[in-house]
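In this note's numbering, the protein residues as written are 388 to 823.
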């Protein structure tokens with residue numbers, strides 16, 4: 388059984404699309420305008436705060452998708468998460484027009500030094516009264532490493548390096564002790580050095596010698612999110628994540644994931660973190676109207692754009708795979724890897740690369756919940772109750788109407804049923820997520 392109430396986070400990317408290829412071309416979509424307009428983003432967070440959302444979360448795609456045809460051209464041509472503006476720059480402007488909404492962003496341990504992330508995010512956390520979160524990623528996209536001129540470590544070594552990285556972050560966050568800041572004007576003493584610990588870390592991957600650069604916020608440090616799904620990544624998420632983001636294609640997959648997470652947590656002697664499942668609500672006044680909205684999105688999808696998105700995320704060039712031959716009949720390493728990844732999404736029946744690419748271009752593997760506001764609320768409540776998940780990462784389609792419609796039409800139903808808040812419980816992100 389889930390906790391008392393579900394939690395909702397809006398899942399965004401500061402680029403021409405969110406998770407639906409060519410959504411920027413949909414009638415009424417404001418994403419291209421918002422790219423150059425702080426006010427559009429400020430309007431969005433006001434809407435989310437009116438809807439009592441826990442937070443707004445920015446995913447990030449540093450670099451560019453460059454795996455498909457070993458080129459960046461399709462990503463650029465169709466605006467596939469390119470350009471991808473820095474979401475961290477936005478957060479202070481969004482914090483300034485909200486009071487309770489949490490604001491989280493992805494920052495890669497491959498792109499920044501530990502001290503830099505602590506300084507940037509903790510400055511925002513301190514200024515906002517404790518409303519910042521960090522989604523910790525190790526940098527799986529080739530484009531990020533090529534942009535920075537870095538050699539990309541293999542999967543497990545990236546997590547080894549990230550464990551060291553987090554040790555430095557924790558030491559920096561814990562550096563400034565209780566009562567360290569005196570601010571004694573008469574004596575002319577700002578802080579007691581005996582209560583400020585010096586961080587002296589010399590590891591295999593990272594080094595740091597300094598003191599904490601930013602005063603702690605009311606929640607002490609940013610809320611930590613993680614989305615590792617592999618054995619090594621899952622362990623990292625359990626060790627460092629306050630909340631875990633997960634994408635599973637359907638209810639059975641979500642239930643399996645929850646069981647897997649709980650078993651892994653028990654094995655480590657830890658409490659499993661709360662899980663936010665990614666979903667894509669598609670609303671209509673009737674079920675038929677909602678289905679038409681979905682069909683419109685699918686019809687607009689350019690296949691090469693979908694393949695560019697799929698190739699970039701999977702780290703494989705799918706340009707040499709037959710589009711309409713069942714993946715099970717193709718013997719390439721790429722097709723076998725994709726078949727393994729998508730059997731849980733599409734089942735054991737034969738499926739083709741075209742089918743996979745379209746599904747990926749539509750929602751990056753997140754399930755759609757299509758129907759009237761009442762039907763969408765029913766499904767959200769069912770999943771929440773049957774999985775015991777913490778809540779949802781909701782990705783929009785057409786911006787900003789899909790967000791506004793959810794707040795105006797679905798949230799009141801959830802509130803009336805008593806499964807979603809009518810007022811914020813606290814003033815920090817951690818408090819509203821139920822982490823304190």
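Even for Gly, the Cβ is constructed at its ideal location relative to N, Cα and C. In this text the structure is predicted, and so the values were computed from the model without any measurement.
Helix, strand or coil at residue i according to DSSP, with G and I counted as helix
i	result
residue 711	coil
residue 750	helix
residue 494	strand
residue 459	coil
residue 397	strand
residue 611	strand
residue 811	coil
residue 683	helix
residue 816	helix
residue 408	coil
residue 762	helix
residue 521	strand
residue 739	strand
residue 629	coil
residue 442	strand
residue 489	strand
residue 507	helix
residue 802	helix
Residue i versus residue j - alpha carbon distance
i	j	result
residue 813	residue 463	42 Å
residue 374	residue 672	A query on residue 374 cannot be resolved here, the shown segment of the chain reaching from 388 to 823 and no further.
residue 562	residue 641	39 Å
residue 443	residue 660	19 Å
residue 705	residue 416	30 Å
residue 519	residue 508	7 Å
residue 776	residue 638	11 Å
residue 483	residue 737	51 Å
residue 453	residue 540	18 Å
residue 825	residue 774	In the structure as shown, the chain begins at 388 and stops at 823. Residue 825 is therefore absent and cannot be evaluated.
residue 391	residue 490	23 Å
residue 549	residue 493	14 Å
residue 819	residue 528	32 Å
residue 630	residue 662	6 Å
residue 477	residue 645	33 Å
residue 784	residue 564	45 Å
residue 447	residue 401	8 Å
residue 560	residue 598	9 Å
residue 499	residue 674	46 Å
residue 389	residue 702	Note that residue 389 scores 44 on pLDDT, short of 50, meaning its location in the model is unreliable; the coordinates nonetheless yield the value given after this. Looking at the two C-alpha atoms, the distance is approximately 35 Å.
residue 804	residue 767	12 Å
residue 780	residue 461	27 Å
residue 634	residue 655	23 Å
residue 535	residue 700	18 Å
Neighbourhood of residue i by C-beta distance below 6 Å, restricted to the same chain and skipping five residues each side
i	result
residue 798	438
residue 510	601
residue 512	519, 604 and 609
residue 556	501 and 505
Residue range of the alpha helix (DSSP H) that includes residue i
i	result
residue 788	788-792
residue 661	Where residue 661 is concerned, there is no enclosing alpha helix (DSSP H), although the beta strand (DSSP E) it sits in stretches over 661-670.
residue 566	Counting along the chain, residue 566 falls outside any alpha helix (DSSP H), and DSSP gives it neither H nor E.
residue 652	638-655
residue 535	529-535
residue 559	542-560
residue 436	425-437
residue 468	Here residue 468 belongs to no alpha helix (DSSP H), and DSSP marks it neither H nor E.
Residue closest to residue i, alpha-carbon to alpha-carbon, out of the options
i	options	result
residue 577	566, 407, 651 and 587	566
residue 395	807, 823 and 815	807
residue 693	680, 515 and 710	710
residue 717	501, 403, 697 and 740	740
residue 558	603, 475 and 571	603
residue 666	750, 622, 430 and 447	750
residue 433	818, 790 and 815	790
residue 608	514, 591 and 756	514
residue 677	606, 715 and 763	763
residue 586	596, 534 and 580	596
residue 715	729, 440 and 497	729
residue 532	594, 573 and 497	497
residue 521	506, 648 and 679	506
residue 487	794, 431 and 810	810
Residue interval of the beta strand (DSSP E) (run including residue i)
i	result
residue 597	594-598
residue 452	Careful: residue 452 lies outside any beta strand (DSSP E) and carries neither H nor E.
residue 588	585-589
residue 578	576-578
residue 779	778-781
Cut-off 8 Å between Cβ atoms - residues of its own chain near residue i, not counting five sequence neighbours on either side
i	result
residue 427	417, 420, 421 and 787
residue 470	402, 403 and 422
residue 543	619
residue 823	606, 813, 815 and 817
residue 593	500, 501, 548, 551, 552 and 555
Spatial neighbours of residue i in its chain, beta-carbon cut-off 7 Å, leaving aside the 5 residues before and after
i	result
residue 744	690, 693, 694 and 697
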